[in-house]
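Right, one structure below, let's go through it.
In UniProt numbering, the protein residues as written are 1 to 257.
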């Protein structure tokens, strides 16, 4: 306590028999956003300025597949055992990114898009082809939704407990920064919670050659990183189901390319 601090300034002839005093000063800790900011890639989000000229479906094209995907997201509440993941596949140049972009726009308009990440090896931001930024960018988007902002305190605590979390496997990041915070606030959630997470361009993820740990181990293949992303969402969908109010399917659906 500073010598200049006085709690009884100007007082005379007082008797204190028992006193417990707690003095709190300074910053109690960063917010979740403060910890996340260095790992957020805004350009990878579906409606970012960087994606302003990204391909989307022309009007009245690929309507059936778009409707099928959106219906899968919105109608799965009626299924006893809803499918948690949808994989959109096709040859290069077949329009998968355009479909993913159009579906993301539709879900966003319908308030059912929880988060998105569009990987790209051709984007101006090199971070868009690295898996390192995936989970923090998803967390950032989740915290923007009304009703889910109550997760922020739990996300911040998770990072304070484990400052190295951003360097760990995606599965551990997803568990620590998304699944556990959601479980802890589950009883406080009310109303409709956005359920769709759309991930595009997993095959464009490149190995981070700046990772110091890779200098002392066998070179990691790009396919290993692709598999790591897929395994992360399989773990979230199958092994760590999240009960959300008013929804039978219990974790956000995910669309992959």
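Just so you know, even glycine gets a beta-carbon here, dropped at the ideal spot from N, CA and C.
Computed from a predicted structure; not experimentally measured.
Query	Result
Inter-stretch contact (C-beta, 8 Å, three-pair minimum) for the stretch 167 to 175 and the stretch 187 to 198	no
Entirely enclosed alpha helix (DSSP H) segments - the UniProt domain "Nephrocystin 3-like N-terminal" (68 to 208), minimum 4 residues	96 to 109, 134 to 142, 152 to 161, 170 to 174, 180 to 185
Proximity to residue 223 [Cα-Cα], best of 167, 205, 72	205
C-alpha distance - residue 103 paired with residue 70, whole-angstrom precision	7 Å
Residue 31 (DSSP reduced to helix, strand or coil)	coil
Contact set for residue 238: own chain, Cβ-Cβ below 8 Å, skip 5 residues either direction	84
Unbroken alpha helix (DSSP H) run spanning residue 228, endpoints	222 to 234
Exposure of residue 196, with buried meaning 16 or more beta-carbon neighbours within 10 Å	buried
C-beta neighbour in chain C for residue 126, strict 8 Å	Given the protein chain composition of this structure (a single chain), no chain C is represented.
Reference residue 44; option with closest CA among 200, 231, 180	200
Beta-carbon gap between residue 142 and residue 178 smaller than 8 Å	yes
Residue 128 beta carbon less than 8 Å from that of residue 119	yes
Residues near residue 39 in its chain [Cβ-Cβ closer than 6 Å; skip 5 each side]	133, 136, 166
Neighbourhood of residue 123 by C-beta distance below 7 Å, restricted to the same chain and skipping five residues each side	43, 50
Nearest-angstrom Cβ-Cβ length linking residue 282 and residue 113, presumed shorter than 8 Å	No answer is possible for residue 282: it lies beyond the span of the chain, which begins at 1 and ends at 257.
With 16 other Cβ atoms within 10 Å as the buried cut-off, status of residue 73	buried
Beta-carbon proximity list for residue 56, same chain, < 6 Å, skipping 5 on both sides	98, 101, 102
Residue environment, residue 156, which counts as buried when at least 16 other CB atoms sit within 10 Å	buried
Straight-line gap, residue 139 to residue 66 (C-alpha atoms, nearest Å)	26 Å
Pairwise C-alpha distance: residue 116 and residue 53	17 Å
Rounded separation between residue 31 and residue 163 - CA only	13 Å
Three-state class that DSSP yields for residue 62 in the structure shown	coil
7 Å CB neighbourhood of residue 90 in its chain, flanking five on each side removed	96
Nearest candidate by alpha-carbon position, reference residue 150, set 158, 170, 125, 181	181
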